[in-house]
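In the numbering used here, the protein residues as written are 6 to 143. Glycine included, each C-beta is placed from N, C-alpha and C at the ideal position. On a predicted model such as this, the values are computed, not experimentally measured, just so you know. Reviewing the structure listed below.
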Ligand SMILES: [Zn+2]
Ligand SMILES: [Zn+2]
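Shown next as structure tokens:
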């Protein structure tokens with residue numbers, strides 16, 4: 006994700022009005038490595054702007070995802086999580102506390118498309134999600 010300042014310009018260029026609530030959403034996401042859900046972003050913004058609606062949060066997150074500023078993670082079956090780090094990386098989720106860890110390891114030497122599919126499909130990327138139980142929950 007771009008810095009809050011750059012993002013503000015990017016979104017203005019996309020015709021989005023930058024409200025104090027939206028700015029707060031960007032601030033919550035900037036350098037955030039906890040992979041928050043929409044609910045978690047909402048709870049943080051609500052502390053400063055109690056009148057903010059969940060719809061505003063959700064729609065802003067969807068816009069950020071659509072323009073490629075954040076990634077949506079489908080790693081937790083209960084809810085979507087958002088990642089402002091759009092560099093290639095992988096994740097580990099604790100199935101108990103739902104904590105999501107970043108994994109910056111290059112798995113590409115080990116991940117290959119089966120030969121039977123190679124002639125019809127080109128791979129442009131992949132993401133690995135590990136599931137397990139973290140040390141605190143074990
Ligand atoms: Zn855990
Ligand atoms: Zn991540």
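- Shortest Cα-Cα distance from residue 104 to any of 135, 47, 28, 12 involves 135.
- Look at which beta carbons fall closer than 7 Å to any heavy atom of ligand 1; those residues are 99, 101, 102, 104, 138, 139, 141, 142.
- Collapsing the DSSP output to three states places residue 76 in a strand.
- With contacts defined as CB atoms closer than 8 Å, residue 11 and residue 43 fail to qualify as a contacting pair.
- In the DSSP assignment, residue 126 falls outside any beta strand (DSSP E) and carries neither an H nor an E.
- Here DSSP, grouped into helix, strand and coil, assigns residue 133 to coil.
- A heavy atom of ligand 2 is found nearer than 7 Å to the CB of residue 90.
- Comparing alpha-carbon positions, the option among 19, 30, 18 lying closest to residue 60 turns out to be 30.
- Scanning 107, 97, 117, 13 for the CA closest to the CA of residue 25 turns up 13.
- In this structure, residue 95 sits away from residue 79, with a CB-CB distance that is not shorter than 8 Å.
- Counting along the chain, the unbroken beta strand (DSSP E) around residue 97 starts and ends at 95-99.
- DSSP, reduced to helix, strand and coil, places residue 121 within a helical segment of the structure shown.
- Shown here, residue 83 sits in coil according to DSSP, grouped into three states, outside any helix or strand.
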